[in-house]
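Here the structure is laid out as structure tokens; the discussion comes afterwards.
Residue numbers (my numbering): 1 to 601.
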């Protein structure tokens with residue numbers, strides 16, 4: 001098996017060369033996506049004679065010179081949780097791309113992992129998925145900043161591009177599992193790259209996986225298959241360490257969200273039409289209010305995250321809005337330029353995180369109790385033990401503990417509560433309203449949302465610390481689509497929670513910015529899809545040097561995987577990243593991938 005992996009490494013080395021390391025990413029994804037002025041920076045100046053400029057008008061028709069150079073390639077990265085079937089989504093993306101004159105090329109990440117690590121064929125579906133998950137984690141762990149999978153994707157794209165005829169092409173990547181992969185693809189391909197997340201409820205995905213596992217073994221579904229399905233879903237959501245599979249944090253970073261349980265054709269068509277500048281598509285109510293919620297979130301100086309919330313009545317009027325911030329006497333919260341008796345008294349002015357400090361004190365108190373009852377040795381001070389748990393070898397393990405994730409001691413008022421408080425301060429009813437929130441509400445906010453009479457909650461980002469579903473399972477229900485008018489008119493038995501679908505706030509301005517819709521004579525503009533250029537797209541690769549460096553890094557990644565030497569896990573080589581979990585430190589990770597099939601049930 002090792003021989004085959006060496007062949008793969010040699011193939012990568014021959015195809016793409018070696019000797020260049022992948023430079024650290026610069027800048028943030030939000031800034032890159034939101035930036036209006038598009039052009040080539042110094043990273044693009046490689047002496048290339050390709051046409052390299054940005055389009056100044058959204059969705060305009062290509063000039064004759066541009067047509068001669070072919071329309072720019074685009075890149076679509078799909079994100080989904082385990083158990084989601086992307087077959088129809090990929091098929092519809094290709095069908096809609098054909099309408100605008102583009103050819104869709106698949107980049108199957110599972111196929112790349114199997115090929116690059118020379119993984120053997122597994123005996124059943126559970127073993128196959130487990131093998132691919134472990135293989136993906138190994139490739140990430142053996143690469144700087146966890147970019148190994150993205151480097152493999154980029155190398156495959158370069159190979160396909162060189163082999164394919166010169167025609168407008170969209171590369172459809174199936175699928176991405178870690179935020180670092182999105183970050184690198186964003187950096188390399190810029191505004192030619194889009195992330196699309198496809199949602200399917202957790203229970204539905206577990207049922208799909210259970211049936212697939214059972215069917216592959218020619219057995220009726222039973223509890224064993226159910227437990228295997230649940231384990232796969234959990235591992236897929238978030239593994240151990242920053243470089244592990246982590247759909248939980250990857251999913252909400254999308255540019256467009258698709259509801260996998262709704263009409264795929266309509267959703268995909270709207271996405272492709274927007275990408276190619278169809279002039280008369282405007283925001284849905286959900287897109288509009290979620291964008292406002294995100295804009296409100298940006299007012300927060302919270303030390304952990306920025307969350308925004310907007311309450312909207314049934315006539316589509318905004319009742320109130322709020323972000324997670326420290327409350328100010330007299331109502332509202334502290335903000336930039338705040339004038340009042342306390343000036344600016346936000347958390348950052350204190351110089352420490354009050355919530356973390358109280359968690360540390362709580363942990364020390366617990367350890368002291370355990371020491372006094374002789375359940376824990378008194379050889380080390382309780383504070384030293386606590387420090388080791390919070391920052392040392394077991395940091396990753398501790399990060400999932402309930403005590404580490406307490407949210408009771410923060411000074412900030414959560415965004416949902418701020419929105420409710422703002423409505424209360426001016427005497428506006430929230431009965432029967434909808435709340436748009438950038439993050440799933442915590443259990444503390446959920447109890448007040450239920451009590452206030454809010455009917456619907458729409459969110460983007462999951463919040464693992466929330467116990468809402470556990471504590472209020474009888475008071476809320478998870479939905480996938482907005483209620484019909486008849487459903488909304490009925491007496492409310494449970495508050496409806498549903499994930500957001502459509503254009504993400506990060507892409508809102510670019511997709512819906514105004515542009516000419518008529519000619520000087522008042523005739524409505526004619527949008528010809530087969531001539532339209534993707535909105536703001538750049539001809540050629542936006543950062544060709546970074547693309548080359550990424551693909552060149554792949555051979556070294558595979559060599560490291562063969563030797564079972566994850567990069568940056570020892571001695572803080574990776575800029576101080578947390579050390580590996582005990583499992584990652586043990587030798588033989590590469591070999592263990594091949595033994596999965598023999599131990600699978």
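Note that the Cβ used here is the ideal one computed from N, Cα and C, for glycine as well.
Residue 156, buried or exposed, once every other Cβ within 10 Å from all chains shown has been counted against 16: buried
Where the beta strand (DSSP E) containing residue 198 begins and where it ends: 193 to 199
Cα-Cα separation, residue 239 to residue 356: C-alpha of residue 239 to C-alpha of residue 356: approximately 23 angstroms in a straight line.
6 angstroms Cβ shell around residue 621 - same chain, five flanking residues per side excluded: Not covered by the structure: residue 621. The range shown for the chain is 1 to 601.
Identified DSSP bridge partners for residue 437: 309 and 459
Delimiting residues of the beta strand (DSSP E) encompassing residue 170: Run containing residue 170: 169 to 174, per the beta strand (DSSP E) assignment.
Enclosing beta strand (DSSP E) for residue 108 [first to last residue]: 103 to 108
Endpoints, beta strand (DSSP E) assigned at residue 410: Here residue 410 belongs to no beta strand (DSSP E), and DSSP marks it neither H nor E.
Assigned secondary structure, residue 550 (DSSP; H/G/I helix, E/B strand, else coil): For residue 550, the secondary structure class from DSSP, reduced to helix, strand or coil, is helix.
Supposed close pair residue 313, residue 433 - CB separation, criterion 8 angstroms: Residue 313 to residue 433, Cβ: 5 angstroms. Contact.
Beta-carbon proximity list for residue 479, same chain, < 6 angstroms, skipping 5 on both sides: Taken in chain order, the residues that qualify are 496 and 498.
Straight-line gap, residue 315 to residue 111 (C-alpha atoms, nearest Å): 49 angstroms
Residue 100 versus residue 276: straight-line alpha-carbon distance, rounded: 8 angstroms
Alpha-carbon to alpha-carbon, residue 358 and residue 387: The straight-line gap from Cα to Cα measures roughly 13 angstroms.
N-terminal and C-terminal residue of the beta strand (DSSP E) that residue 526 is part of: No beta strand (DSSP E) contains residue 526, which DSSP labels as neither H nor E.
Helix, strand or coil at residue 680 [DSSP, three-state]: With the chain covering 1 to 601 only, the question about residue 680 has no answer from this structure.
Alpha-carbon to alpha-carbon, residue 504 and residue 281: Rounded to whole angstroms, the gap between the alpha carbons of residue 281 and residue 504 is 15 angstroms.
Cβ-Cβ distance between residue 74 and residue 109 below 9 angstroms: Result no, Cβ atoms of residue 74 and residue 109 do not sit closer than 9 angstroms.
Rounded C-alpha distance that separates residue 102 from residue 264: 19 angstroms
Cβ neighbours of residue 57 in the same chain (closer than 8 angstroms, five flanking residues each side left out): Summary for residue 57: the model assigns pLDDT 41, below 50, so the residue's position carries little reliability; its value from the coordinates is reported in the next sentence. The residues are 515 and 516.
Cβ pair residue 214, residue 221 closer than 9 angstroms: yes
Nearest residue (CA-CA) to residue 402, options 306, 543, 390 and 260: Each of 306, 543, 390 and 260 was checked against the Cα of residue 402, and the nearest Cα belongs to 390.
C-alpha distance - residue 406 paired with residue 136, whole-angstrom precision: 32 angstroms
Beta-carbon contacts of residue 286 that lie in its chain and below 8 angstroms, excluding the five residues immediately before and after: 436, 458, 482, 500, 501 and 502
Cβ-based burial, residue 177 [other Cβ within 10 Å; buried from 16]: buried
Contact under 9 angstroms by Cβ, residue 247 with residue 439: no
Cβ-based burial, residue 190 [other Cβ within 10 Å; buried from 16]: So residue 190 ends up on the buried side.
Residue 207 in three-state terms, based on DSSP: helix
Cβ pair residue 93, residue 172 closer than 9 angstroms: yes
C-alpha distance - residue 346 paired with residue 410, whole-angstrom precision: 11 angstroms
Whole-Å CB distance - residue 235 paired with residue 398, under 8 angstroms assumed: That pair is no contact at about 19 angstroms.
Chain-order list of residues whose beta-carbon lies under 6 angstroms from that of residue 428 (same chain, five-residue window excluded): Non-local C-beta neighbours of residue 428 in its own chain, meaning closer than 6 angstroms and more than five positions away in sequence, comprise 319, ordered along the chain.
Residue ranges of each alpha helix (DSSP H) within the segment 197 to 280, 4 or longer: 202 to 216, 223 to 237, 247 to 250 and 264 to 275
Simplified DSSP assignment, three categories, for residue 585: Because residue 585 carries a pLDDT of 38, less than 50, the predicted location of this residue cannot be relied on, and no value is offered for it.
Residue 206 beta carbon less than 9 angstroms from that of residue 226: Yes, they are a contact pair.
Beta-carbon proximity list for residue 413, same chain, < 8 angstroms, skipping 5 on both sides: Once the five neighbours on either side are set aside, the close Cβ partners of residue 413 are 322, 324, 325, 326, 327, 333 and 421.
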